[in-house]
Amino acid sequence: MDHPVSITVARYIVLLPLIGATINFLAGSWLQKTFGKRAISFVGCGVVVLAFILAVRTFFAMLAMAPENRFLLDDLWRWIDVGGLNLEVAFWLDPLSMVMTLIITGIGGLIHIYSTGYMHDDESYWRFFGWLNLFTFAMLVLVLGDNLWLMFVGWEGVGLCSFALIGFWYKVLANTTAGNKAFIVNRVGDWAFVIALYSLFMALGNVGHPTLVTREIAKYAPLLAGMPGYLGMTMVTFVTLLMFAGATGKSAQIPLYVWLPDAMAGPTPVSALIHAATMVTAGIYMVARLNFLFSMAPATMTVVAVVGGLTALFAATVGIAQNDIKKVLAYSTVSQLGYMFAAVGVGAYAAGVFHLMTHAFFKACLFLGSGSVIHAMGGEQDMRKMGALRHKMPITFITFLAATLAISGVPPFAGFMSKDEIIWQAFAHGHTVVWALLLIGAAITVFYMFRQVYMTFFGEFRGTHEQEHHLHESPPSMAYVLIVLGALSVVGGLVKIPDFIATYKPFEEFLEPVFASGPTRAVMEAGIHSHSLEAAFGFVTFTMVVLGWLAADFMYRQQTVDPERFSQAFGGVVYEWVLNKYYVDELYDFAVVRPYQASCRALAWIDANIIDGIVNLAAALTVLGAWLSGLFDAYIVDGLVNAASLVTLDVGGRLRRLQTGSINGYLYGILAAVMVILLVRAMLHA
Amino acid sequence: MGGGIGLNHFLLLSLIIFSLGMVCVLTRRNAIGILMGVELILNSANINYLAFAHYGGAKYDGQVFAIFVIMLAAAEAVIGLAVVLAIYQNFKTIDVDATETLSG
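These protein sequences, in sequence, are chains R and W.
Just so you know, the first sequence maps onto residues 1 to 686 in the numbering used here.
Just so you know, the second sequence maps onto residues 687 to 790 in the numbering used here.
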């Protein structure tokens, strides 16, 4: 690990989407006019697919290496060299970033292809693909950057791209507001993350190794053990807590999750890209990447696990009452991200990354499926106006169902493999509370997902006649993508089978070198190791899944139990709370947005009245001064000048009389003067 | 100096010539007449120079000054005559009373 193998392929994987973005942004408008949207599709999808092919080739090359040598470095150029800070633009391919790269380019590529169908009628087709490509590029920089600062560049890049894509249909105010919200909420997290980076750099500098290069941090992190930090915490706890605060922004955890449900304002492929392949996974990736630091801070780990567990349950309950097909999925994403954080929080890093991957499969499938439904319904997103779509859209229905089974954790679908593992690991590592939260969350997940399936695809069609007439299966570009993702949702989890069934876990073994540091090994290996207990807990989890399904089935398919009975319980108060997302947005509005706007108004008032008043006063004083100066000039200065000229004129007028022009007169004058002089002389001498 | 011509005689002559010149300058209306008066005055001064040079201690100072005066008189006459000529061209007369247009 000290001597990473040098490669050059990583730069092409990263650069290809950037090239695509550049072409689309600079020449996209022209290409679209001259060659049609086909050219844009070719460029936009081509670069990502090409990047995926390169990534797969690299993956197989990596598999051929010995596990301890699977650290590849593509060093491009010296980036920053100031004092002790030496950073390279270098891309770092290890098993973890390899998995992420495959997800980003693979799932991302599928979403690109899907977009060619979904966005086909949009005028700004080229702009859409430009941003999608740039998004992919930023995410690749995030996962492949060999130092935290380069990672932060990607971190900010995905924030920018999400802002642009959520507000893609910028002519509607709600969309741009949602884009702003995503950007601003993320900014809060980024702020914490930057402080964490500075503190970490400073702390490493204090032990003589100032660096932000990830692999070097891993090497020197043990030196930080026991170093005091701030606010009564150790340095490592302080840094990791702030990093986790950054992750809550990017990965939509309590308390910064509020932007993600609003991000639904963007086109559906964007939602899929943000929720499945990129952006929200950044936080999980960061924690997994810096596992050696987090493992050194048990306090932070507990915070991560508890926040993850709370988010998983909280978001799931909100998902129950939503009627917007995409809102349900949005809250399910928040909830599933909670599972991932719970996993990395209890020390099951591999399980967290595993769930990240399977989630990418089934969530992309769910989002693109919902996009297919919305496409067919002519833009309608309200599930209360859908129903019985399974007859008209069989491909969408089957793939959606497969993904639903996956997210519900039904064996042997992908979600079962990862989620069951997380729930078990939470218990095995002694986090009983987190385990309970996750278990209840799992049941609710099944409930709201099947509620969605039944409302959308079963029962009677409840939309307008026109919509019913318009219903159709989506074009091949969308349908094939759904089939691929549906298939992945089914079999994608087979790379790690629960231990109590069989000892087959190539995924975990592949990632093992990444989680090789001492503290991480200690954290991962702690806890209970009992196959029979694990099997028993798996059964408990499965029972909860079945209970959730039964509830949904009774209420929304058989309709033997009226959901109204529950929504009206406690006078409907609880339902109102859930429906309105516990009024968290209103709380933020009241606690943050309104005070902020009020302070803005106060500052504006100060600006308009006091600052401007001072400026206006200064201007008035200047005018007054100028007026006085004018008076002085007109009367005193000019007066003196005029007086001088008047005196001169007067004296001249008097003296001119002496000049008679008579030469004789002058001569007499001279004679007289001479005589007077002589006379005076004579008298003086006398 | 007993009985012969002495310094005082020269000074007396000079005084007479100076007075004649002065009267001429003051009374003449003809511009050329005035110039001639000026010549007389200058020459009376020359007589004084030479007389003092001859009877005084200084050796040639008087003669040198006399030559300067002659030279100045010539230059003065040239300019004076040129002025007179110009006056004549403007006024068709050389009567100095006619040139009182310069009066203030």
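Note that the Cβ used here is the ideal one computed from N, Cα and C, for glycine as well.
All figures in this text were calculated on a predicted structure; none of them were measured in a lab.
Next on the checklist: Taking the beta carbon of tryptophan 605 (chain R) as the centre, do at least 16 other beta carbons fall within 10 Å, making it buried, or is it exposed?
Outcome noted: Position 605 of the first sequence, counted from the start, is the residue given in the question as residue 605 (chain R). With fewer than 16 Cβ atoms within 10 Å of its Cβ, tryptophan 605 (chain R) is classed as exposed.
Determine, using beta carbons only, whether threonine 660 (chain R) comes closer than 8 angstroms to chain W.
Position 660 of the first sequence holds residue 660 (chain R). For threonine 660 (chain R), the answer is yes, since a Cβ of chain W falls inside 8 angstroms of its Cβ.
*Contact under 8 angstroms by Cβ, serine 372 (chain R) with lysine 326 (chain R)*: On the first sequence, position 372 is the one that residue 372 (chain R) refers to. On the first sequence, position 326 is the one that residue 326 (chain R) refers to. No. Outside cutoff.
Determine the DSSP secondary structure at tryptophan 605 (chain R), reduced to helix, strand or coil. What you label residue 605 (chain R) is simply residue 605 of the first sequence in a count that begins at 1. Note: tryptophan 605 (chain R) maps to helix in three-state DSSP.
- Query: Going along chain R, which residues have a C-beta under 8 angstroms from threonine 785 (chain W)?
  - Reply: To locate residue 785 (chain W), count along the second sequence from 1; it is residue 99. Those are Gly661, Ile663, listed as they occur along chain R.
**Prompt:** Quick one: what's phenylalanine 91 (chain R) bridged to in DSSP?
**Reply:** Reading the first sequence from its first residue, position 91 is the one you call residue 91 (chain R). Phenylalanine 91 (chain R) pairs with R:Asp74, R:Gly145.
Would you decide whether threonine 34 (chain R) is buried or exposed? Buried here means 16 or more other CB atoms lie within 10 Å of its CB. As a first step, residue 34 (chain R) must be located in the first sequence, where it is residue number 34. By the neighbour-count definition (other C-beta atoms within 10 Å, threshold 16), threonine 34 (chain R) is an exposed residue.
With 8 angstroms as the threshold, decide whether the Cβ of leucine 712 (chain W) is near any Cβ in chain R. Taking the first residue of the second sequence as 1, we reach residue 712 (chain W) at position 26. Yes - at least one Cβ of chain R is within 8 angstroms of the one on leucine 712 (chain W).
* Enumerated in chain order, which unbroken segments of the alpha helix (DSSP H) with a length of 4 residues or greater are wholly contained in the region 441-470 of chain R? -> Entirely contained in the region 441-470 of chain R, the alpha helix (DSSP H) runs reaching 4 residues are, in chain order, 465-470.
**OP:** Would you identify the three-state DSSP class for tryptophan 169 (chain R), choosing helix, strand or coil?
**Re:** Residue numbering aside, residue 169 (chain R) sits at position 169 when the first sequence is read from its first letter. In this structure, tryptophan 169 (chain R) counts as coil in the three-state DSSP scheme.
Can a CB atom of chain R be found closer than 8 angstroms to the CB of methionine 687 (chain W)? Here the question's residue 687 (chain W) lines up with position 1 in the second sequence. For methionine 687 (chain W), the pLDDT reaches just 44, beneath the cut-off of 50, and the residue's location in the model is therefore unreliable, although a value from the coordinates is still provided. So no, methionine 687 (chain W) is outside the interface.
What residues of chain R sit near valine 782 (chain W), judged by a beta carbon separation below 8 angstroms? Counted from its first residue, the second sequence places residue 782 (chain W) at position 96. Within chain R, the residues near valine 782 (chain W) are Ser662, Ile663, Asn664.
Q.
Do serine 6 (chain R) and aspartate 75 (chain R) have their beta-carbon atoms positioned less than 8 angstroms apart in this structure?
A. Translated into the one-based positions of the first sequence, residue 75 (chain R) becomes position 75. Translated into the one-based positions of the first sequence, residue 6 (chain R) becomes position 6. The Cβ atoms of aspartate 75 (chain R) and serine 6 (chain R) sit closer than 8 angstroms to each other.
Within 10 angstroms of its Cβ, does arginine 451 (chain R) collect 16 or more other Cβ (buried), or is it exposed?
-> Indexing the first sequence from 1 puts residue 451 (chain R) at position 451. Per the 10 Å Cβ criterion, buried.
Same chain, Cβ closer than 6 angstroms to methionine 722 (chain R), five either side skipped, listed in chain order: Residue 722 (chain R) lies beyond the range of chain R shown here (1 to 686); nothing can be said about it.
For this session: Pick helix, strand or coil for isoleucine 53 (chain R), following the three-state DSSP scheme.
Result: Within the first sequence, residue 53 (chain R) is the residue found at index 53, counting from 1. Isoleucine 53 (chain R): helix per DSSP, three-state reduction.
Contact defined as beta carbons within less than 8 angstroms: I believe phenylalanine 500 (chain R) pairs with alanine 535 (chain R). What is the distance between those atoms, to the nearest angstrom? Working through the first sequence from its first residue, we reach residue 500 (chain R) at position 500. Working through the first sequence from its first residue, we reach residue 535 (chain R) at position 535. Cβ atoms of phenylalanine 500 (chain R) and alanine 535 (chain R) come within 8 angstroms of each other, at about 4 angstroms.
Does the beta-carbon of threonine 464 (chain R) have 16 or more other beta-carbons within 10 angstroms, so that it is buried, or is it exposed? By one-based count along the first sequence, residue 464 (chain R) stands at place 464. Exposed is the call here.
ask   = In three-state terms, what does DSSP make of threonine 234 (chain R)?
value = Within the first sequence, numbered from 1, the residue matching residue 234 (chain R) stands at position 234. In the three-state scheme derived from DSSP, where H, G and I count as helix and E and B as strand, threonine 234 (chain R) is classed as strand.
| query | Checking contacts by CB at 8 angstroms: is leucine 679 (chain R) closer than that to chain W? | reply | Locating residue 679 (chain R) in the first sequence gives position 679, where the first residue counts as 1. Not one beta carbon of chain W lies nearer than 8 angstroms to the beta carbon of leucine 679 (chain R).
Measuring only from the beta carbon, is aspartate 783 (chain W) closer than 7 angstroms to any heavy atom that is part of the ligand ADP? Of ligands this structure carries none, so the ligand ADP is not represented either.
Per-residue contacts from leucine 684 (chain R) into chain W (C-beta, under 7 angstroms)
Here the question's residue 684 (chain R) lines up with position 684 in the first sequence. Those within 7 angstroms of leucine 684 (chain R) in chain W number zero; the least Cβ separation is about 23 angstroms.
#### Entry: glycine 441 (chain R) and leucine 260 (chain R) closer than 8 angstroms at C-beta
For the purposes of this step, residue 441 (chain R) is taken as the residue at position 441 of the first sequence. For the purposes of this step, residue 260 (chain R) is taken as the residue at position 260 of the first sequence. No, they are not a contact pair.
message: Pairs of beta-carbons, one from the region 496-514 of chain R and one from the region 61-73 of chain R, closer than 8 angstroms: are there three or more?
response: Contact holds: three or more Cβ-Cβ distances are below 8 angstroms.
Could you have a look at valine 82 (chain R) and say whether DSSP puts it in helix, strand or coil?
On the first sequence, residue 82 (chain R) is found 82 positions in, with the first residue counted as 1. Three-state result, valine 82 (chain R): strand.
**Report entry** leucine 223 (chain R) to threonine 520 (chain R) span [Cα, whole Å]
**Finding:** The sequence position of residue 223 (chain R) within the first sequence is 223, counting from 1. The sequence position of residue 520 (chain R) within the first sequence is 520, counting from 1. Cα to Cα, leucine 223 (chain R) sits roughly 15 angstroms from threonine 520 (chain R).
_With H, G and I counted as helix, E and B as strand and the rest as coil, what does DSSP make of serine 115 (chain R)?_
Residue numbering aside, residue 115 (chain R) sits at position 115 when the first sequence is read from its first letter. Correct three-state label for serine 115 (chain R): helix.
My output table needs one value for valine 318 (chain R): the three-state DSSP class, helix, strand or coil. Numbered from its first residue, the first sequence carries residue 318 (chain R) at position 318. Reduced to three states, the DSSP call for valine 318 (chain R) is helix.
Can you have a look at aspartate 553 (chain R) and say buried or exposed, based on whether 16 or more other CB atoms are within 10 angstroms of its CB? Your numbering for residue 553 (chain R) matches position 553 in the first sequence. Classification for aspartate 553 (chain R): buried.
Is it the case that the region 238-248 of chain R contacts the region 266-281 of chain R, given that we only count it when at least three CB pairs across the two stretches are under 8 angstroms? The region 266-281 of chain R makes no contact with the region 238-248 of chain R: fewer than 3 CB pairs, one atom from each, lie closer than 8 angstroms.
Can you tell me whether valine 99 (chain R) is helix, strand or coil according to DSSP?
For the purposes of this step, residue 99 (chain R) is identified with residue 99 of the first sequence, where counting begins at 1. In the three-state reduction of the DSSP assignment, valine 99 (chain R) falls in the helix class, which pools H, G and I.
request  = Provide the residue span of the alpha helix (DSSP H) that contains threonine 404 (chain R), from first to last.
outcome  = Start at 1 with the first residue of the first sequence, and residue 404 (chain R) comes out as number 404. Residue range 394-408 is occupied by the alpha helix (DSSP H) that includes threonine 404 (chain R).
Cβ closer than 7 angstroms: which chain W residues qualify as neighbours of leucine 667 (chain R)? The count along the first sequence starts at 1 and reaches residue 667 (chain R) at position 667. Here the neighbours are Val711, Leu712.
- Thinking tryptophan 435 (chain R) and isoleucine 444 (chain R) are a contact (beta carbons under 8 angstroms), I'd like their distance in whole angstroms, please. The residue you call residue 435 (chain R) lines up with position 435 of the first sequence. The residue you call residue 444 (chain R) lines up with position 444 of the first sequence. Going by Cβ atoms, the distance from tryptophan 435 (chain R) to isoleucine 444 (chain R) rounds to 15 angstroms, so no, they are not a contact pair.
Exercise for review: Could you tell me how far apart the beta carbons of valine 47 (chain R) and isoleucine 320 (chain R) are, in whole angstroms, since I believe they sit closer than 8 angstroms?
Suggested key: Walking along the first sequence from the start, residue 47 (chain R) turns up at place 47. Walking along the first sequence from the start, residue 320 (chain R) turns up at place 320. Your pair valine 47 (chain R) and isoleucine 320 (chain R) does not check out as a contact, with CB atoms roughly 41 angstroms apart and the cut at 8 angstroms.
(Q) Using the Cβ count rule (16 or more neighbours within 10 Å means buried), how would you classify glycine 338 (chain R)? (A) Residue mapping note: residue 338 (chain R) aligns to position 338 of the first sequence, counting from 1. Residue environment for glycine 338 (chain R): buried (at least 16 other C-beta atoms within 10 angstroms of its C-beta).
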